Structures are given as structure tokens and as C-alpha cells.
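Notes follow the structure.
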Amino acid sequence: MAIKRYIGIGKETTYGSIIAPTRYIESIEQNNPDQGWIIPPSIGQRALRKKNLGPYRTSETLGAFDVEPENIGELLLGAIGSVTTTNPYSGVYNHQFTPADTLPSFTMRIGSEIIERILPGCLVNSLQLQASQEGNIKAIAEIFSGFVESNTSLQSAIFSPLQAFNFLSDPTANYLKLAGVNKQTQIYDLSIKIDNKIPFRRGALDSRMFSTKRVGSREITGKLSLFFDDTTQYNAFIAGSEFSIEIICYGPVFAAGQKYKLEIYVPKCIYTGAVPKNEPMDEPIKISDASFKGFYNEVVGAEIVLNLTNGVSSY
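Mapping to numbering that gives the first Met the number 0: the sequence shown position 18 is 17, numbers consecutive.
So, in C-alpha cells, the structure goes:
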């Protein structure tokens, strides 16, 4: 059965130059294209008479889609900027994603039942990763493109057959540590967001397009919710203490006895809110949506590091 709805992405060699997809994602998407029409108000009569095309911009939201071992690497790279890949065993590749000041661009292709829409020059403005007991690890990506889209006929999309990362699939091996202590028994959901704050609405006089890649300050934020079994996190909030977050989630064995793996490490955080709320007696007291912010760590040399182990040789 032919796939008619899909998201395809491929990393561009030249910013804004269309390239074939290297990966397909099963995700819903919402888009907001804007021609930026410049329409002066009418003075001499009631009817509008004049118009010019202004800055063209498109914002796309992907997700929330399941994070699989081989559907997230391009977006991790797009969100954070740099990757180093090693090949410790035959068929096994470890990709370490670290922050960089220059972001790669992508061509995104959206299969929409009867046509394929093509958006060149896509930049990952933000990427949010979410984990909860109720489901698989999920991602939400905010994509910006400042190049006018085109379209072609539907292509042959191929989705990965791999199952998504899930904390409950290997609970003894997986862990979620706060300040070096495993807190899986307390935490029931967590999200981490990388935000590049791209100055997308500010262009230049050389083009209607977002012709030069620019980024703003990078911000790492998140939220976690946990049962109030002890006061450790509350005390950290009150004291303004720094702490680290380390997440490791494994998938099945795939080659050389190695497992697929996703690792997220934020070496220095502070809570910006972590207060328990009283509930009726038939509900446990919880700290819901404790917000935190990540900071640069001198020893690690980054504010966030992500590791992905899979069978993809390069990104």
C-alpha cells in the first residue's frame, strides 16, 4: 500500500538548495505560510488598489511524534548544530550531538495525499523531547523556512520499522537521574526543550527570503512532575541549588550485542519553580510541572549533550 502522507527531510549542502530526503517521519504537521503582503491603506476611495509581496515566511510544527532510534537524528542535529560519530562495532554507530553556533539547514518534503510540498532552507527553531509513563518518548519540532515552497508528485516514502523508545520497555536498564540519583520511582513525566530563538521575522533588503541563516541565544528549558515522596527537589528550589539531569533510554539489541540508545545530559540546571500542591486525600501530593533552566557547564563544555546509538552511519 502506497504511503500518501509523510514528512521527509534531507540535510542541505547549500542553504536553501533543494535536496532529496534521507529520512521519513510519521508525524502530523501544521503550517502557517505567509506571503507578507504589503497593502497600503486606501486614501482616495474605499476599495483597496495597491499591493506588493513582502517577506515570505513559513513556520511548521511537527508532532508530537514517537521518537524512534532512526527517525530523530536529523532533528537533533538541526536543533543543536554539531555531531561527532564513532563506529565502535560493526553496524553500530554512536552519535554525540553538541551545541554549535551554526545550524544546518534541511529540505522538508510533506506528502499531502495528492502532491508533495517542498520546503527548502528549513531551520529547527526548537525541539522538545517528552517522556511519560503513559506513552513513548515523543518529540515536537518547530521548523522555520524563509523560502517559497514548490510542489511535485508524491514520492515513494519508506518509514522505519523500529519501535519507539519507551521507558517501560527496559525499566531496569533505563534511568533518569537528578543530581546523580535515579528518580524513576518518583518522576512520572518530563520534557526538555532546545530553543534557538531564530530571529525569523527580521530579514534584509537583498531578498524576500530569509536569505542568511541567523540564530539567537540558545535556551535549554524543561518541566518535570514527580510524587512528593521527599523534599529533595523542593529543597533544591528553595536553596537555588544547581543539579544535573541525565536520561538514558534503551531499545532492543540490534547489532554486535549492542542496544539502541538515546541519552540526554544537561549538566547544570536550576529550578525556576518546584512547589508541591495539596490534593484530596485520595490523591498523592505531587510537584507538578516543576520548571527548570539549563546553563553552560565549564567542565562538560556545553549546556546540553545528546547521544544516539543506532545503525545510521552518518548525519
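Where is the CB? At the ideal position from N, CA and C, for every residue including glycine. Keep in mind the model is a prediction, meaning the values are calculated, not measured.
The shortest CA-to-CA distance from residue 114 to any of 124, 121, 106, 153 is the one to 153. Its chain contains 65, 66, 67, 135, 136 as the residues whose beta carbon lies nearer than 7 Å to that of residue 163, once the 5 sequence neighbours on both sides are disregarded; these appear in chain order. With respect to residue 197, residue 232 sits apart: the two C-beta atoms are not nearer than 8 Å. Its chain contains 177, 178, 235, 268 as the residues whose beta carbon lies nearer than 7 Å to that of residue 242, once the 5 sequence neighbours on both sides are disregarded; these appear in chain order. A straight line joining the alpha-carbon of residue 76 with that of residue 313 spans about 11 Å. DSSP, reduced to helix, strand and coil, places residue 232 within a helical segment of the structure shown. With contacts defined by Cβ atoms closer than 8 Å, residue 130 and residue 74 do not form a contacting pair. Rounded to the nearest whole angstrom, the C-alpha separation of residue 141 and residue 83 is 24 Å.
Inclusion of residue 5 and residue 34 in the CB contact set at 8 Å is not warranted, their separation being larger than that value. Pairing residue 169 with residue 215, the inter-Cα distance amounts to about 38 Å.
In the three-state reduction of the DSSP assignment, residue 79 falls in the helix class.
Look at the segment 196–242 and you find these whole runs of beta strand (DSSP E), each 3 residues long or longer: 218–226. As the crow flies, the alpha-carbon of residue 48 is around 22 Å from that of residue 207.
About 5 Å separates the CB atoms of residue 275 and residue 284; that is less than 8 Å, so the two are in contact.
Within the segment 17–95, the complete beta strand (DSSP E) segments of 3 residues or longer fall at 22–24, 28–33, 56–65, 80–88, listed in chain order.
Its Cα nearest to that of residue 16, the residue 149 stands out among 40, 125, 149, 98.
Selection 23, 106, 193, 111 evaluated against residue 80 yields 193 as nearest (Cα-Cα). When rounded, the separation of the alpha-carbon atoms in residue 58 and residue 218 is 19 Å.
Between residue 158 and residue 279, the alpha-carbon positions lie close to 46 Å from each other. Sequence-distant partners of residue 226 (beyond 5 residues in either direction) whose C-beta falls short of 6 Å from its own C-beta, in its chain, are 185, 283, 285.
DSSP, read as helix, strand or coil, puts residue 166 in helix.
The Cβ atoms of residue 302 and residue 98 sit closer than 8 Å to each other.
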